[in-house]
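The sequence shown maps to residues 152 to 413 in the numbering used here. Okay, structure first, notes after.
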Amino acid sequence: MALSVAELDQQVLGWLQEARLSILDQLKQPMQVNQKTSHRDLVTNVDKRIEQFYIQKIHDFMPNASVISEEGYGDEVTTLDGDVWFVDPIDGTLNFVEQHHEFATMLALYHDGKPVLAWIMDVMNNEVVHGGPTIGVFVNKQHVDGFEDKALSDGLIVMSGARLLGNQIGLPEIAKEALGFRVYGSAGISYCHVMKGQALGYISVMKPWDFAPGIALALTLGLAVTDVDGHAVDMLSSGTVVVSTPSSHEDIMRIENQLKSV
152 MALSVAELDQ QVLGWLQEAR LSILDQLKQP MQVNQKTSHR DLVTNVDKRI
202 EQFYIQKIHD FMPNASVISE EGYGDEVTTL DGDVWFVDPI DGTLNFVEQH
252 HEFATMLALY HDGKPVLAWI MDVMNNEVVH GGPTIGVFVN KQHVDGFEDK
302 ALSDGLIVMS GARLLGNQIG LPEIAKEALG FRVYGSAGIS YCHVMKGQAL
352 GYISVMKPWD FAPGIALALT LGLAVTDVDG HAVDMLSSGT VVVSTPSSHE
402 DIMRIENQLK SV
């Protein structure tokens, strides 16, 4: 018998707890760390092991589902038709390696391009932001009631430190208008702050496994979700993603448009 969405949510929460115990165990042992595109873009044996764990769980549970994943153990996916999972085993690997803190493990399920469920676990704090359109958003077992629709100047905005330092996608100007800005080095941790109402939004350049879980949860809460030009996000491509309260999103788009007209 097929599981309901709520039952599937609980089942995957069990996978996350299994993954968490494995990650915590691996933190006590020597870690194999390799560079991908740069000395700041890392992959570890733990990333690979956890991704393989998730993919095995997914394929056992949904044999016909496709998987888009960070470390290459998923499928070659060219369409969002049917069931598509997004897997980011360790989000914020640099934090994972250097701090043993401020990193996440994330999953999302979409059906025909629409979000079904998503899970973002702050591993060290054992906190999971999870849910979807039919059940709402939860922080562990606590339901998230909504958000305060503040303007950009009235709240904190989370952004990519590298893009900010590189004077890219209008981040310096956005940071100046915001009440304050924060950089966490992990999309998952950043999204957790937004979903819990601790920040107005998050702006970065990301890959699908980085942004799919956050977008699913954001849309469920009624937050604005676009690329930096105000268009719909391409779920199969890397690109800019803006997730924020509607009012702060208007402010961000105004700043972006002003910069284009200069």
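For every residue, glycine included, the Cβ atom is placed at its ideal position computed from N, Cα and C. Only a predicted model underlies this, so the values are computations on that prediction, with no experimental measurement involved.
Whose C-alpha, out of Gln-207, Gly-223, Thr-244 and Asp-263, is nearest the C-alpha of Met-182?
Thr-244
7 angstroms Cβ shell around Glu-184 - same chain, five flanking residues per side excluded: First, the residue type needs correcting, since residue 184 is Val and not Glu in the sequence shown. Around Val-184: Leu-193, Thr-195 and Val-248.
request  = Could you spell out the range, first to last residue, of the beta strand (DSSP E) harbouring Pro-181?
outcome  = Counting along the chain, Pro-181 falls outside any beta strand (DSSP E), and DSSP gives it neither H nor E.
### Query
How should Ser-388 be labelled, buried or exposed, when 16 other C-beta atoms within 10 angstroms of its C-beta is the threshold for buried?
The Cβ neighbour count for Ser-388, taken over all protein chains shown within 10 Å, is under 16; the residue is labelled exposed.
* Using only alpha-carbon positions, find the residue among Lys-358, Gly-321 and Gly-312 that is nearest to Gly-336. => Gly-312
* To do: Indicate whether Arg-141 and Ser-173 have their beta-carbon atoms separated by less than 8 angstroms.
  => Beyond the ends of the chain as shown, which are 152 and 413, falls residue 141; an answer cannot be given.
Practice problem: In angstroms with no decimal places, state the Cα-to-Cα distance between Leu-154 and Ile-286. | Solution: Rounded to the nearest angstrom, the two C-alpha atoms are 14 angstroms apart.
Query - Per-residue DSSP class, three states only, for Arg-191 - result: coil
Q: Determine the DSSP secondary structure at Asp-361, reduced to helix, strand or coil.
A: helix
Query raised in the report: So, using beta-carbon positions, are Val-274 and Trp-360 closer together than 8 angstroms?
Result: no
Expected contact under 8 angstroms - CB spacing of Glu-222 and Glu-253 to nearest Å = About 20 angstroms separates the beta carbon of Glu-222 from that of Glu-253, a gap too long to meet the 8 angstroms contact definition.
| message | Relative to the C-alpha of Asp-402, which candidate in Val-267, Val-288, Arg-191 and Glu-324 has its C-alpha closest? | response | Glu-324
- Task: Would you mind sorting Thr-391 into buried or exposed? The rule is 16 or more other CB atoms within 10 Å of its CB.
- Result: buried
To the nearest angstrom, how far is it from the Cα of His-400 to the Cα of Gly-381? 9 angstroms
* Asked: Helix, strand or coil for Phe-204 per DSSP?
  -> helix
| task | With a cut-off of 8 angstroms on the beta carbons, I'd call Ile-241 and Asp-211 a contact; round off their distance for me. | result | The Cβ separation is near 22 angstroms, so there is no contact.
Original post:
What first and last residue would you give for the alpha helix (DSSP H) that runs through Pro-397?
Top reply: 397 to 412
Which ranges does the beta strand (DSSP E) cover as unbroken runs of at least 3 residues, wholly within the region 230 to 274, from first to last along the chain? Runs found: 234 to 242, 255 to 262 and 265 to 273.
Quick one: grab the DSSP three-state call for Met-310.
strand
Next on the checklist: Judging by CA-CA distance, which residue of Asn-246, Val-379 and Ser-355 is the nearest neighbour of Leu-410?
Outcome noted: Val-379
What does Ala-375 pair with, by DSSP beta-bridge criteria? Ser-395
query: So who's on the other strand from Tyr-353, going by DSSP bridges?
result: Per DSSP, Val-309 and Val-394.
- Task: Would you kindly check if the distance between the Cβ of Trp-166 and the Cβ of Lys-208 is under 8 angstroms?
- Result: yes
Met-152 by DSSP, collapsed to three states: which one?
-> Summary for Met-152: the model assigns pLDDT 43, below 50, so the residue's position carries little reliability; its value from the coordinates is reported in the next sentence. It is coil, neither helix nor strand.
Looking only at C-alpha atoms, which of Gly-339, Thr-256, Gly-348 and Lys-265 sits nearest to Gly-297? Gly-348
>> Quick test of your reading: Ile-406 and Gly-321, contact by CB under 8 angstroms. State the CB separation rounded to the nearest angstrom.
In response: 5 angstroms
Please state the DSSP three-state secondary structure of Gln-319.
coil
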